[in-house]
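Visitor: In the numbering used here, the protein residues as written are 14 to 94. Here it is, the structure in full.
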């Protein structure tokens, strides 16, 4: 219960950050992390895709690599289930 409250709080913070700068990859990456940890793999996948796209457009290779790694993780998880 307490853990879910923290996830809800994190999602709210990431949504606020996304509103401040729609071209920033980190909020989408963070939302992907929360969605993945709460079992919402389809939503996580979409956020990771968007994070990779935004990071690529801003030449932020760190987040491109991280997002691509998580995309692979989600795909492996989906294949296993």
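Glycine residues also receive a C-beta, built at the ideal position from the N, C-alpha and C atoms.
1. From residue 26 to residue 60, what does the alpha carbon distance come to, in whole angstroms?
2. With a threshold of 6 angstroms on Cβ separation, who are the neighbours of residue 30 within its own chain once the five nearest residues in sequence on each side are excluded?
3. To the nearest angstrom, how far is the alpha carbon of residue 46 from that of residue 57?
4. Are there 16 or more other CB atoms within 10 angstroms of the CB of residue 88, so buried, or fewer, so exposed?
5. Can you name, in chain order, every residue of its own chain whose Cβ lies under 6 angstroms from the Cβ of residue 84, other than the five neighbours on each side?
6. Going along the chain, which residues of its own chain have a beta-carbon closer than 6 angstroms to the beta-carbon of residue 51, five neighbours each way excluded?
7. Can you give me the C-alpha to C-alpha distance between residue 66 and residue 77, rounded to a whole angstrom?
Guide: A quick look at the data gives this:
1. 15 angstroms
2. 40
3. 7 angstroms
4. exposed
5. 61
6. 20
7. 7 angstroms
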